[in-house]
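In order, the protein sequences belong to chains W and Z.
Take the first sequence: its position 80, counted from the start at 1, is 80 in the working numbering, and no numbers get skipped.
Take the second sequence: its position 348, counted from the start at 1, is 348 in the working numbering, and no numbers get skipped.
Backbone N, C-alpha and C define an ideal beta-carbon position, used for all residues, glycine too.
Nothing here was measured: the structure is a model prediction, and the numbers come from that model.
A short worksheet on the structure shown next.
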Amino acid sequence: MDLLGMLDSIWKVLAVGLLLGAGLPALFGLGLRLLGTVPAEGSSGAPVVASGFSRAFGYVCFGLCAAIALFGIVVIVFGNQLFGGH
Amino acid sequence: MEELIILLLVIVTALAFDFTNGFHDTANAMATSIATGALKPRVAVALSAVLNLVGAFLSIEVAKTVGSGIVDLDHAQGEQLMLIVFAGLIGGIIWNLLTWLLGLPSSSSHALFGGLIGAALIWGLVAGQSGVLWGGIIAKIILPALLSPVIAAIVAGVATWLVYRIARGVPEKTENRGFRWGQIGSASLVSLAHGTNDAQKTMGVIFLALIANGTLSSSSDMPLWVKVACALAIALGTYLGGWRIIRTLGKGLVEITPPQGMAAETSSAAIILTSSHLGLPLSTTHVATGSILGTGLGKRGAEVRWGVAGRMVAAWVITLPAAGLVGAACWGVGHVIGGLGGALVLFGILVALSAWIYLRSRRAPVSSENVNAEWDEPAATPAAPVSA
């Protein structure tokens with residue numbers, strides 16, 4: 001692989017790495033936050049259950065995480081056929 | 001008959017290398033999960049073993065040519081080729097065992113390539129050929145080795161920083177419990193990816209040995225028994241655990257929390273999968289270690305033991321030459337003695353060295369029981385906080 005081709009691959013790895021590698025945990029964290037019980041400001045600290053809306057979005061986040069992970073498995077199994085890798 | 005015995009010795013040695021590859025790399029996927037308690041040690045290695053087994057069978061396109069672009073073995077025939085393979089494997093195994101003894105994660109791929117390069121180099125000198133492709137070594141081994149930990153550290157660092165910002169306000173118990181589940185998922189993905197990538201190496205080596213023996217030609221299909229044997233060998237090795245290395249990665253480098261663990265393994269998985277499909281060979285070990293380091297950098301107040309990191313990098317730098325030296329020396333011994341006698345002597349040396357290393361390891365054993373014990377070294381001063 002020539003140098004230019006390698007540099008091209010490197011930035012792609014970095015880009016996809018950031019997108020999925022950083023994106024997925026961030027998405028997961030978002031899901032946890034939307035799902036989470038957070039004491040209201042100034043209250044006695046008793047946990048307040050997040051609104052139904054919030055929780056729904058939280059589960060959507062987790063669903064997306066699972067979908068991305070499954071996508072990862074599909075790439076492992078069928079990647080060469082899908083992306084014409086070598 | 002003599003050739004058959006030599007072939008059998010080489011195949012056994014290849015599977016032994018695959019086995020060491022297994023336990024060397026368990027840490028890459030599972031060290032973070034074991035360190036945070038997301039998985040119990042024995043469960044973690046069992047899970048990783050099963051996924052490696054599955055992954056090894058999933059590798060549809062098996063690389064029949066190991067070391068292509070790195071060594072030029074076109075002019076090596078029969079016994080000479082077999083000896084290069086044998087010597088290369090021994091170089092790889094010895095380096096894997098030594099680094100395991102020292103608890104240092106290091107690339108099994110580099111160990112194997114180093115051994116093959118050393119053997120091919122010596123063969124080339126003797127046979128008047130150029131056995132080694134230096135350009136390929138720089139492009140396919142050295143450059144990726146320099147880049148992968150950096151890329152991994154960046155990705156994992158960003159991931160960790162993002163996670164801590166986004167999950168602000170989530171109570172710690174929820175955070176830890178939730179991210180422990182995330183850890184299991186991401187670590188599983190890494191194990192699967194590892195199985196598909198790494199078992200292939202040994203399949204390619206055995207294929208090369210079969211070509212040398214005249215049993216197969218380069219256009220033959222990969223025999224099923226080779227696939228099965230390599231898949232089983234790497235899975236068994238994975239199950240054994242490589243606890244010394246797990247301990248270093250899980251406890252010695254950075255004190256890891258569940259969010260960091262998930263960030264590290266997800267980052268590793270993403271990078272490994274992307275790079276393997278772009279044909280850019282990155283070592284799983286370099287990526288995994290870089291990721292763990294990155295999570296230490298991405299979290300405020302996290303401590304990174306730079307001394308441990310330094311030792312790892314030193315090991316990585318000398319992997320190629322060290323394994324190469326062993327490979328070259330073994331080739332020399334085998335060539336001088338010649339034939340079956342040479343092969344038996346080499347095998348004997350391998351067994352003796354392995355036994356010695358194993359006995360040394362028993363002086364300070366690490367197992368599933370003490371893998372999470374406190375690391376005694378003084379930690380470096382906390383890494384500078386990443387600017388918000």
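According to DSSP, is residue i helix, strand or coil?
i, result
"residue 326 of chain Z", "helix"
"residue 304 of chain Z", "strand"
"residue 150 of chain Z", "helix"
"residue 158 of chain Z", "helix"
"residue 71 of chain Z", "strand"
"residue 77 of chain W", "helix"
"residue 317 of chain Z", "helix"
"residue 163 of chain Z", "helix"
"residue 132 of chain Z", "strand"
"residue 169 of chain Z", "coil"
"residue 51 of chain W", "coil"
"residue 66 of chain Z", "coil"
Let me know if residue i comes out buried or exposed under the rule of 16 or more other beta-carbons within 10 Å of its beta-carbon.
i, result
"residue 260 of chain Z", "buried"
"residue 45 of chain Z", "buried"
"residue 40 of chain Z", "exposed"
"residue 1 of chain Z", "exposed"
"residue 173 of chain Z", "exposed"
"residue 362 of chain Z", "exposed"
"residue 258 of chain Z", "buried"
"residue 109 of chain Z", "buried"
"residue 255 of chain Z", "buried"
"residue 319 of chain Z", "buried"
"residue 65 of chain Z", "exposed"
"residue 79 of chain Z", "buried"
"residue 164 of chain Z", "buried"
"residue 77 of chain Z", "exposed"
"residue 219 of chain Z", "exposed"
"residue 370 of chain Z", "exposed"
"residue 100 of chain Z", "buried"
"residue 53 of chain W", "exposed"
"residue 356 of chain Z", "exposed"
"residue 374 of chain Z", "exposed"
"residue 78 of chain W", "exposed"
"residue 360 of chain Z", "exposed"
"residue 301 of chain Z", "exposed"
"residue 25 of chain Z", "buried"
"residue 132 of chain Z", "buried"
"residue 69 of chain W", "buried"
"residue 411 of chain Z", "Look at the range of chain Z in this structure, 1 to 388, and you will see that residue 411 of chain Z is not part of it."
"residue 115 of chain Z", "buried"
"residue 33 of chain W", "buried"
"residue 71 of chain W", "exposed"
What are the boundary residues of the alpha helix (DSSP H) that includes residue i?
i, result
"residue 123 of chain Z", "108-127"
"residue 140 of chain Z", "Segment: none, residue 140 of chain Z is in no alpha helix (DSSP H) and carries neither H nor E."
"residue 370 of chain Z", "Neither: residue 370 of chain Z is in no alpha helix (DSSP H) and is coded neither H nor E."
"residue 345 of chain Z", "339-361"
"residue 45 of chain Z", "41-58"
"residue 26 of chain Z", "2-36"
"residue 13 of chain W", "3-16"
"residue 23 of chain W", "23-35"
Does the ligand NAD have even one heavy atom less than 7 Å from the beta-carbon of residue i?
i, result
"residue 26 of chain W", "As for the ligand NAD, it is missing from this structure, which has no ligand bound."
### Query
Which ranges does the alpha helix (DSSP H) cover as unbroken runs of at least 4 residues, wholly within the stretch 193-275 of chain Z, from first to last along the chain?
Taking only runs of at least 4 residues, the alpha helix (DSSP H) segments lying wholly in the stretch 193-275 of chain Z are 224-240 and 243-247.
### Message
Report the start-end ranges of each alpha helix (DSSP H) in the stretch 272-298 of chain Z that is 4 residues or longer and not cut off at the edges.
### Response
Here the runs fully enclosed are 284-298.
### Message
Closer than 8 Å is the cut-off here; do at least three beta carbon pairs connect the stretch 329-346 of chain Z with the stretch 3-10 of chain Z?
### Response
Of all C-beta pairs linking the stretch 329-346 of chain Z to the stretch 3-10 of chain Z, three or more are shorter than 8 Å, placing the two stretches in contact.
### Query
Could you give the uninterrupted runs of the alpha helix (DSSP H) lying entirely in the stretch 73-108 of chain Z, keeping only those of 4 residues or more?
Complete alpha helix (DSSP H) runs here, min 4: 78-101.
### Query
Would you call the stretch 275-289 of chain Z and the stretch 138-148 of chain Z in contact, with 3 or more CB pairs under 8 Å?
A contact exists between the stretch 275-289 of chain Z and the stretch 138-148 of chain Z.
### Message
Count Cβ pairs between the stretch 286-294 of chain Z and the stretch 264-274 of chain Z that sit closer than 8 Å; are there 3 or more?
### Response
With a cut-off of 8 Å on Cβ pairs, the stretch 286-294 of chain Z is in contact with the stretch 264-274 of chain Z, counting three or more such pairs.
#### Entry: Contact the stretch 348-366 of chain Z vs the stretch 238-248 of chain Z: 3+ CB pairs below 8 Å
The stretch 348-366 of chain Z is in contact with the stretch 238-248 of chain Z.
### Query
Counting Cβ pairs closer than 8 Å, one from the stretch 212-230 of chain Z and one from the stretch 296-311 of chain Z, do we hit at least three?
These segments do not touch.
### Task
Decide if the stretch 84-104 of chain Z is in contact with the stretch 321-331 of chain Z; the criterion is three or more beta carbon pairs, one per stretch, under 8 Å apart.
Verdict: yes, contact present.
#### Entry: At least three beta-carbon pairs within less than 8 Å, the stretch 232-242 of chain Z to the stretch 12-24 of chain Z
The answer is yes - the stretch 12-24 of chain Z touches the stretch 232-242 of chain Z, with three or more Cβ pairs under 8 Å.
### Message
Within 8 Å, do at least three Cβ pairs link the stretch 191-198 of chain Z to the stretch 325-335 of chain Z?
### Response
The stretch 325-335 of chain Z and the stretch 191-198 of chain Z do not touch, with fewer than 3 CB-CB distances between them shorter than 8 Å.
### Three or more C-beta pairs below 8 Å linking the stretch 145-164 of chain Z and the stretch 121-132 of chain Z
These segments do not touch.
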